[in-house]
Every structure is written in structure tokens, then in C-alpha cells.
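Note sheet for the following structure.
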Amino acid sequence: MAFAKVRRIKKFYLHLIQYVVVLCVLTVINLLTNPGYFWVIWPALGWGIALASHALKTFELIPFLNADWEKKQVENHLGRKL
């Protein structure tokens, strides 16, 4: 489980790096092609919401869907403790 958690954290940080790099490129394109309208905010907001959701899941910031919740659900379906 520890390896799986570390892999999830690694994937989140890779996602964050991709977000920053792509948005930097898009910002440069936006400023070079159409500096009067800052359209890069729309992909930043959409992707930012997805990134925030990924962070909530990765770092188990939603208490009712974390590993303890999963364990309790499995125990309920099995009818015994793990």
C-alpha cells in the first residue's frame, strides 16, 4: 500500500509539472498572438479544477472516501473484520 501511495503522489506531481509547463507555453502563445484578450485563463481554470480534484484524491483530503472508508466498506460486505 505504501508503494501505491507513493506512486499516486508521484503521478500528482507529474500532473502538476505538466500543468505549469503547458500553461506557460499557452501564456506565451496568448501574449504573442492576442495580447488584448487573455484567453489562457479558461484552460487554466478548467485544468486547475481537475488538478485540485486530483490533489484531493491523492492526499486523501476528502475524509469520507479515504482508505479507512474503503476498509470499512470491504468489512461490511464481507461481514467480518480484516
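For the sequence shown, the numbering used here assigns the number 92 to the initial residue and increments by one for each residue that follows. From the three backbone atoms N, C-alpha and C, an ideal C-beta is built for every residue, glycine too.
Nearest residue (CA-CA) to residue i, options the options
{"i": "Ala-135", "options": "Lys-162, Tyr-110 and Arg-171", "result": "Tyr-110"}
{"i": "Gly-137", "options": "Ile-108, Tyr-128 and Leu-114", "result": "Leu-114"}
{"i": "Ala-93", "options": "Asn-167, Phe-150, His-168 and Gly-170", "result": "Phe-150"}
{"i": "Arg-99", "options": "Leu-147, His-168 and Glu-161", "result": "Leu-147"}
{"i": "His-42", "options": "Gln-164, Arg-171, Ala-141 and His-168", "result": "No answer is possible for residue 42: it lies beyond the span of the chain, which begins at 92 and ends at 173."}
Alpha-carbon to alpha-carbon, residue j and residue i
{"i": "His-145", "j": "Ile-108", "result": "13 Å"}
{"i": "Gly-126", "j": "Leu-173", "result": "The sequence as given places Pro at residue 126; Gly does not occur at that position. Cα-Cα distance, rounded: 59 Å."}
{"i": "Lys-102", "j": "Ile-132", "result": "24 Å"}
{"i": "Thr-124", "j": "Leu-152", "result": "39 Å"}
{"i": "Tyr-104", "j": "Val-165", "result": "30 Å"}
{"i": "Arg-171", "j": "Lys-163", "result": "10 Å"}
{"i": "Phe-129", "j": "Ala-143", "result": "22 Å"}
Any contact between the region 108–125 and the region 155–169? By contact I mean 3 or more CB pairs, one from each, below 8 Å. Counting Cβ pairs under 8 Å, fewer than three are found: no touch.
Return the chain-ordered ranges of every alpha helix (DSSP H) run that is complete within the region 95–141 and spans a minimum of 4 residues. If we require 4 residues or more, the region 95–141 turns out to have no alpha helix (DSSP H) run fully inside it.
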